[in-house]
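There are 2 protein chains.
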Amino acid sequence: MNLRERKKRRTRDALLRAALELFATRGYEETTVDDIAAAVDVSQRTFFRYFAGKEETAFFVPRLAETLVVEALRTRPPDEVPLEALRRAVLESWDAINEAVVELVPIELHLRVYRVIESTPALLAAHLRRSAELEEQLAGIIAEREGLDVDADPRPRIVVALFGGVIRVTERLWSTGGDLTLDGMRELTTTYLDQVGPALAGNWRAEQSP
Amino acid sequence: MNLRERKKRRTRDALLRAALELFATRGYEETTVDDIAAAVDVSQRTFFRYFAGKEETAFFVPRLAETLVVEALRTRPPDEVPLEALRRAVLESWDAINEAVVELVPIELHLRVYRVIESTPALLAAHLRRSAELEEQLAGIIAEREGLDVDADPRPRIVVALFGGVIRVTERLWSTGGDLTLDGMRELTTTYLDQVGPALAGNWRAEQSP
DNA sequence: AGGCTAATGACAGCCACTGACAATTGACAA
DNA sequence: TTGTCAATTGTCAGTGGCTGTCATTAGCCT
Chain A
1 MNLRERKKRR TRDALLRAAL ELFATRGYEE TTVDDIAAAV DVSQRTFFRY
51 FAGKEETAFF VPRLAETLVV EALRTRPPDE VPLEALRRAV LESWDAINEA
101 VVELVPIELH LRVYRVIEST PALLAAHLRR SAELEEQLAG IIAEREGLDV
151 DADPRPRIVV ALFGGVIRVT ERLWSTGGDL TLDGMRELTT TYLDQVGPAL
201 AGNWRAEQSP
Chain B
211 MNLRERKKRR TRDALLRAAL ELFATRGYEE TTVDDIAAAV DVSQRTFFRY
261 FAGKEETAFF VPRLAETLVV EALRTRPPDE VPLEALRRAV LESWDAINEA
311 VVELVPIELH LRVYRVIEST PALLAAHLRR SAELEEQLAG IIAEREGLDV
361 DADPRPRIVV ALFGGVIRVT ERLWSTGGDL TLDGMRELTT TYLDQVGPAL
411 AGNWRAEQSP
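From first to last, the protein sequence lines stand for chains A and B.
Position 26 of the first sequence, counted from 1, bears residue number 26 in my numbering, the numbering being contiguous throughout.
Position 19 of the second sequence, counted from 1, bears residue number 229 in my numbering, the numbering being contiguous throughout.
#1: Is the beta carbon of P154/A less than 9 Å from the beta carbon of V379/B?
#2: Where do the ends of the alpha helix (DSSP H) carrying M185/A lie?
#3: Tell me whether L102/A is buried or exposed, calling it buried when 16 or more other Cβ atoms sit within 10 Å of its Cβ.
#4: What's the gap between the Cα of N308/B and the Cα of R219/B?
#5: Taking Cβ positions only, does W384/B come closer than 9 Å to chain A?
#6: Considering only C-alpha positions, which residue in the set S253/B, V369/B, V406/B and L348/B is nearest to P198/A?
#7: Please name the residue in A306/B, Y260/B, L283/B and G394/B whose C-alpha comes closest to that of A295/B.
#8: Rounded to whole angstroms, what is the Cα-Cα separation between S385/B and Y324/B?
#9: Taking 8 Å as the cut-off, does the stretch 115 to 123 of chain A touch the stretch 348 to 368 of chain B (at least 3 CB pairs, one atom from each stretch)?
#10: Note down, in chain order, each residue of its chain lying with its Cβ closer than 8 Å to the Cβ of R382/B, except the 5 sequence neighbours on either side.
#11: Considering Cα atoms alone, identify which of L372/B, L410/B and R216/B is closest to R297/B.
#12: Kindly give me the distance between the Cβ atoms of V125/A and A275/B, rounded to whole angstroms, as I take these residues to be in contact under 8 Å.
#13: Quick check on DSSP: helix, strand or coil for R17/A?
#14: Give the residues of chain A in contact with V376/B, contact being defined as C-beta atoms less than 7 Å apart.
#15: What did DSSP end up calling L200/A once you bin it into helix, strand or coil?
#16: Around the Cβ of P272/B, are there at least 16 other Cβ atoms within 10 angstroms (buried) or fewer (exposed)?
#17: Excluding the five sequence neighbours on either side, which residues of its own chain have a C-beta within less than 7 Å of the C-beta of D35/A, listed in chain order?
#18: At the level of alpha carbons, what is the spacing between F51/A and R12/A?
#19: Classify E146/A as buried or exposed, calling it buried when 16 or more other Cβ atoms lie within 10 Å of its own Cβ.
#20: Output yes or no for whether 9 Å exceeds the beta carbon distance between V166/A and R157/A.
#21: Determine the direct distance from the alpha carbon of L111/A to that of N212/B, and round the result to whole angstroms.
#22: Inspect the beta-carbon positions of A58/A and L104/A and report whether they are closer than 9 Å.
#23: Do we get a CB-CB distance below 9 Å when we pair P272/B with the residues of chain A?
#24: Closer than 7 Å, Cβ to Cβ, to anything on chain B: give me those residues from the stretch 119 to 139 of chain A, in chain order.
#25: Measuring CB to CB, does L226/B end up less than 9 Å from A247/B?
#26: Give the DSSP-derived three-state secondary structure of T170/A in the structure shown.
#27: Run through chain B and tell me which residues come within less than 8 Å of R155/A, C-beta to C-beta.
#28: Reducing DSSP to helix, strand and coil, say where T67/A ends up.
#29: Listed from N- to C-terminal order along the chain, which residues in the stretch 292 to 319 of chain B have their beta-carbon within a distance smaller than 9 Å of any beta-carbon of chain A?
#30: By the 10 Å Cβ neighbour count, where 16 or more other Cβ atoms means buried, how is P210/A classified, buried or exposed?
#31: Which chain A residues are close to V379/B, counting only those with a beta carbon under 8 Å from its beta carbon?
#32: Have a look at T190/A, D194/A, L182/A and R6/A and flag the residue whose alpha-carbon is nearest the alpha-carbon of A96/A.
#33: Along chain A, in chain order, which residues have C-beta atoms closer than 8 Å to that of Y402/B?
#34: If the criterion is Cβ atoms closer than 9 Å, does the pair E265/B and A332/B meet it?
Spelled out as structure tokens, the structure:
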């Protein structure tokens with residue numbers, strides 16, 4: 001990698017970190033693109049040559065994570081049942097995610113940004129849309145594993161939708177809760193996934209009384 | 211309702227219809243607020259006095275629908291099991307929705323706008339965020355019906371998340387498919403909801419072979 | 001060293017949206 | 001009916017995100 005490319009990567013990383021740092025401290029809406037550019041001492045125009053928009057900086061790390069989850073699902077043993085494959089793919093990709101993220105951004109900063117995403121309407125909306133796209137991908141992989149046509153058989157999209165729903169509920173709880181560790185997330189996720197059966201089961205009240 | 215109020219409602223309705231008409235024909239991104247204001251012959255500033263933003267016009271009808279669904283769930287007989295209550299609330303509120311919408315906007319226009327929402331990234335994102343908020347409300351109602359604390363017991367949020375996932379998959383299929391009738395939607399929804407059990411069931415492949 | 005190409009900055013402009021102030025128009029009492 | 005008050009609207013100016021254009025700079029390669 002020659003000087004030119006090294007310089008480019010340095011500028012991009014600097015912009016990324018400056019942006020996330022500002023988002024985490026000052027808030028997303030309160031940070032202007034000019035602020036970010038100024039923090040790295042480049043022109044605003046240059047910022048837009050590295051990122052398609054302010055939003056893209058906020059989702060740089062999540063995008064990485066998604067890639068790894070997709071990859072993890074693709075390499076799951078084909079004998080696993082769909083829900084099981086999804087569960088394990090997610091749970092086991094977190095270590096890889098963690099590793100990849102640290103290269104780019106202090107993990108603690110990412111966590112703070114994650115809370116900003118969940119609490120900023122514009123970012124939450126973008127996050128949900130991205131999740132929907134991820135789910136579409138995952139459904140495709142599941143269908144392939146099972147030898148099905150995604151458009152003919154509704155089950156792949158349904159499981160993934162169910163799974164995604166649980167993940168999102170979990171994410172929100174985790175991001176607003178106190179325990180911001182990886183293991184905390186893992187634990188929450190397994191607990192919640194185990195609730196899918198009971199939640200669908202007919203009468204909750206009947207189960208409560210002995 | 212005096213002249214002043216009548217005039218206001220007329221302006222708002224005109225803006226709303228003009229906006230939706232433009233979105234449906236020209237596309238959302240391609241229509242500017244100035245276009246909408248010009249179509250009704252008011253200033254751009256006036257548009258923003260009636261709607262918080264361009265987006266709000268696109269979601270005016272969906273907002274109405276959401277209100278009616280929430281209401282429908284609230285009046286469901288308390289002996290129904292959660293998933294059943296949700297299903298019936300949604301299926302049975304469509305008539306009421308249909309009725310309320312026609313007052314405001316030709317139903318055919320609404321359907322065209324709905325497709326624009328699903329196919330415009332910015333609007334899809336907003337739509338998903340609104341859905342998440344709706345789900346939070348529904349979870350609260352379910353918890354109340356069952357005498358539970360939403361934050362202590364995960365099941366209300368889980369069922370609603372599952373349910374919402376299925377609805378969204380259905381919506382997308384419906385909006386891109388050919389049959390844009392109410393009954394088509396109803397039928398698709400019931401079919402898909404009936405797939406939740408099978409989709410969660412362990413081994414799809416085993417079930418396929420006799 | 002010098003020409004080539006990619007990266008950057010400076011500038012102008014579009015669009016969504018907001019605050020401020022003045023002009024207009026309906027409401028209501030005298 | 002008219003005059004006053006309050007609500008509605010238009011105009012203007014400004015901010016922030018984002019894009020196109022063009023000249024300048026800086027690394028690359030022979």
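The beta carbon of each residue, even a glycine, is placed where N, CA and C say it ideally should be.
On the basis of the coordinates in this document:
#1: yes
#2: L182 to L193
#3: Reading off the sequence, residue 102/A comes out as Val, not Leu. Per the 10 Å Cβ criterion, exposed.
#4: 21 Å
#5: no
#6: V369/B
#7: L283/B
#8: 7 Å
#9: no
#10: E328
#11: L372/B
#12: Val is not the amino acid found at residue 125/A; the sequence shown has Ala there. Their Cβ separation, rounded to whole angstroms, is 19 Å, which puts A125/A and A275/B out of contact at 8 Å.
#13: helix
#14: I158 and A161
#15: helix
#16: buried
#17: L22
#18: 8 Å
#19: buried
#20: no
#21: 54 Å
#22: no
#23: no
#24: P121, L124, A125, A126, L128, R129 and A132
#25: no
#26: helix
#27: Q405, P408, A409 and W414
#28: helix
#29: P292, L293 and E294
#30: Low local confidence applies: a pLDDT of 39 at P210/A is under 50, so the model's placement there is unreliable, and no value is given.
#31: P154, R157, I158 and A161
#32: L182/A
#33: P154 and I158
#34: yes
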